[in-house]
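Visitor: Taking my numbering, the leading residue of the sequence shown gets 200, the next gets one more, and so forth.
In this text, a Cβ means the ideal position worked out from N, Cα and C, and glycines have one as well.
This one's a predicted model, so the numbers in the text were calculated from it and none came from an experiment.
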Amino acid sequence: MPVHLFGIRHHGPGSARCLLKALDALQPDLILIEGPPEAQDILDWAGHADMKPPVALLAYESGQPQQASFYPFTPYSPEWNALQYALGKKIPVRFADMPLCHQFALKETANGDAKNEEAAHVQDATHEIEAPETTAEVLVTNPIEHLATLAGFTDAEAWWEQEIELKDNAVEVFEAITLAMTHLRQHYPGNHADEPVREAFMRRAIRQAQREMYDTIAVVCGAWHTPALANMPPQKEDDKLLKNLPKTKVETTWIPWTNDRMALSSGYGAGVTSPGWYVHLWQHPTDDGSRWLVHTATIFRQHNIDISSAHVIEAVRLASTLAALRNLHRPGLNELLESTMAVMCMGNDMPMRLIDHELVVGHSMGAVPDGTPQVPLQQDFEKTLKSLRLKTADLGKVLVLDLRQENDLQKSVLLHRLLLLDVPWGELRQTSGKGTFKEEWVLYWQPEYALKIIDKANWGNTLELAANNWVGHLAAQTQRLPDVTLLIEKALPADLPQGTQKLLLHLENLAASTSDTQLLLDAFVPMARVFRYGNVRQTD
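Here it is as structure tokens:
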């Protein structure tokens with residue numbers, strides 16, 4: 200039963216395009232994808248018409264949501280396209296990486312006791328260790344940099360872009376990638392202690408598929424893993440690695456993701472330096488730079504920077520000339536940015552920051568369909584957003600609220616409740632003029648806020664109940680009179696009568712037992728500000 204390995208870059212449009220060609224030619228009857236097996240039950244949601252990448256699989260430990268991992272997908276992610284191919288063709292598809300129930304449990308063990316032998320057996324996937332000494336020459340940098348250096352490049356990203364992402368490669372490129380990774384792994388031992396265990400789990404998934412008598416098995420995984428899957432050791436060796444691993448319970452769901460969170464600069468280990476550029480390559484694979492530079496000019500004009508058609512024409516010519524001088528078959532991102540800097544910006548790098556934010560990275564946000572598995576608190580949050588006609592996709596939106604209007608008042612209540620629950624989606628700004636009937640917020644949603652909502656799910660199934668209970672918990676933890684009055688000031692605009700009553704009772708008890716005049720004075724100012732809300736918010 201043949202196993203076909205497709206080593207990809209986790210977020211590469213060229214890899215994805217070539218993978219789709221390979222799958223069409225192969226016609227597999229099973230696809231295995233590097234990913235958490237716990238998400239198997241929600242994979243079908245990826246084929247929903249309302250699922251719009253970028254999105255991410257969110258996996259978290261039951262009862263301890265702060266222990267979590269995100270698995271982002273973009274329109275150009277090879278894994279996402281493999282999923283779409285399998286769901287469209289009604290082919291069985293499975294995730295085949297190390298289960299997170301083991302990874303989370305091992306991380307807890309390692310954090311609890313650094314000397315525990317079980318924790319030393321394998322660390323969290325993001326934990327780096329010192330590479331062991333070998334008799335061969337050890338590469339101390341990113342192994343891809345070695346290939347880039349041999350090809351005359353000083354930047355591994357630029358080399359990979361030119362060789363994989365910009366070219367219309369034949370499917371045989373996957374054999375070349377596996378061969379290259381095989382040679383690199385002989386000299387680069389890797390820097391993740393859990394790598395042998397993860398690859399043992401992948402091999403276990405392959406053996407299971409073979410036992411189930413699938414005829415043609417396609418395995419989509421990071422290029423680095425392909426040599427370990429091509430040369431399978433005896434099963435007993437893998438079983439020994441996987442024996443007696445601790446485990447915990449894991450929940451999964453889908454959440455929207457953003458372009459800036461796909462960027463390597465966000466701290467995402469498998470991120471790319473230019474997600475917006477890769478979206479462009481995915482949508483316009485044959486663009487010689489003309490379309491990209493037209494978009495660049497449009498962005499400049501939208502920000503009142505004068506750019507003419509002549510600027511665009513000359514920038515295209517310069518980018519093509521730079522590519523020819525560097526023996527490149529077409530301009531890449533570096534050439535396009537350099538030509539933009541020289542022709543459109545006259546050497547001034549300040550306007551280039553605008554292009555980096557708007558185009559190179561971008562700020563697209565995905566969407567997940569209604570009915571996606573969620574905890575009750577998430578469901579209440581989504582329901583509230585719909586009723587108030589708010590969208591988390593409104594990045595950087597300025598929201599001016601008139602608290603005399605019922606709908607605006609409820610929006611304010613929502614944002615204040617979220618602030619209390621440590622979900623700072625809205626930033627409250629100072630407003631000009633007299634009176635307290637106006638509020639100005641700036642909304643900027645971060646995907647991690649979904650995790651913060653899940654973290655508060657045990658405090659209640661609705662935002663009102665969770666916020667009331669959370670405020671009551673904070674009241675019990677607060678023993679300084681000024682801190683209690685500040686909490687009251689935050690709770691009143693959030694319309695939390697039960698939580699506020701607990702705070703007032705706690706306030707009375709503390710005030711009766713406080714003889715420190717300075718503490719009493721410090722508590723006075725927030726209480727004075729509280730009286731403002733009696734008129735506008737109709738607070739009791």
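Using 8 Å as the threshold, is the C-beta distance between Ala-357 and Asn-533 below it?
Guide: Going by C-beta atoms, Ala-357 is nearer than 8 Å to Asn-533.
Visitor: How would you call His-209, buried or exposed, if buried means at least 16 neighbouring beta carbons within 10 angstroms?
Guide: His-209 should be labelled buried.
Visitor: Please state if the CB of Leu-706 and the CB of Val-670 are separated by a distance shorter than 8 Å.
Guide: No, Cβ-Cβ distance for Val-670 and Leu-706 is not below 8 Å.
Visitor: In the DSSP assignment, find the alpha helix (DSSP H) that holds Trp-740 and state where it starts and stops.
Guide: Here the chain has residues from 200 to 739 only, and residue 740 is not among them.
Visitor: Assuming contact is defined by CB atoms lying nearer than 8 Å, are Leu-642 and Leu-598 in contact in what I supplied?
Guide: Result yes, Cβ atoms of Leu-642 and Leu-598 sit closer than 8 Å.
Visitor: Only counting the same chain, and skipping five residues up and downstream in sequence, which positions put a Cβ closer than 8 Å to that of Ala-429?
Guide: Here the set comprises Leu-204, Thr-377 and Thr-381.
Visitor: Less than 8 Å between C-beta atoms, sequence neighbours within five positions excluded: which residues of the same chain meet that for Gln-177?
Guide: As shown, the chain starts at 200 and ends at 739. That puts residue 177 outside it, with no answer to give.
Visitor: Tell me where the beta strand (DSSP E) around Trp-640 begins and ends.
Guide: Start and end: 637-642.
Visitor: If we ignore side chains and look at the alpha-carbon of each, how far apart do Thr-447 and Gln-302 end up?
Guide: Taking the straight line joining both Cα atoms gives about 9 Å.
Visitor: Helix, strand or coil: which one does DSSP assign to Thr-381?
Guide: Helix at Thr-381.
Visitor: Suppose you measure from the CA of Val-493 to the CA of Ile-405; what does that come to, to the nearest Å?
Guide: Using only the alpha carbons, I get a separation of about 47 Å.
Visitor: Taking contact to mean at least 3 C-beta pairs separated by less than 8 Å, is the stretch 429-445 in contact with the stretch 532-549?
Guide: They do not touch, by the three-pair rule.
Visitor: Apart from the five residues on each side of it in sequence, which residues of its chain come closer than 6 Å, Cβ to Cβ, to Ala-267?
Guide: Tyr-259 and Leu-650.
Visitor: Hey, out of Trp-491, Thr-353 and Ala-238, whose CA is closest to Arg-525's CA?
Guide: It is Thr-353.
Visitor: Have a look at Ile-363 and Leu-286 and give me their C-alpha separation to the nearest angstrom.
Guide: Using only the alpha carbons, I get a separation of about 26 Å.
Visitor: From which residue to which residue does the beta strand (DSSP E) around Ser-268 run?
Guide: 263-272 is the span of the beta strand (DSSP E), which, as asked, contains Ser-268.
Visitor: Report buried or exposed for Asn-280, applying the criterion of at least 16 other Cβ atoms within 10 angstroms of its Cβ.
Guide: Buried: at least 16 other Cβ atoms inside 10 Å.
Visitor: With 16 other CB atoms within 10 Å as the buried threshold, where does Leu-704 fall?
Guide: Exposed.
Visitor: May I ask you to report which of helix, strand or coil DSSP gives Tyr-648?
Guide: Helix.
Visitor: Would you mind reading off the limits of the beta strand (DSSP E) that contains Lys-596?
Guide: Note, Lys-596: beta strand (DSSP E), 596-601.
Visitor: Tell me, please, which residues DSSP counts as bridged to Gly-206.
Guide: According to DSSP, Gly-206 bridges with Cys-420.
Visitor: Please classify Glu-237 as buried or exposed, where buried requires at least 16 neighbouring CB atoms within 10 angstroms.
Guide: Glu-237 is buried by the Cβ-count criterion.
Visitor: Looking at Asp-459 and Val-560, is the spacing between their C-beta atoms short of 8 Å?
Guide: In contact: Val-560 and Asp-459 (Cβ atoms closer than 8 Å).
Visitor: First and last residue of the alpha helix (DSSP H) that includes Glu-344?
Guide: That run of the alpha helix (DSSP H) goes 342-349.
Visitor: From Asp-228 to Val-449, what distance separates their C-alpha atoms?
Guide: So the two alpha carbons sit approximately 29 Å from each other.
Visitor: Looking only at its chain, what residues have a beta carbon closer than 7 Å to the beta carbon of Arg-500, apart from the 5 residues adjacent to it on each side?
Guide: Counting only Cβ-Cβ distances below 7 Å, and skipping sequence neighbours, we find Ile-506.
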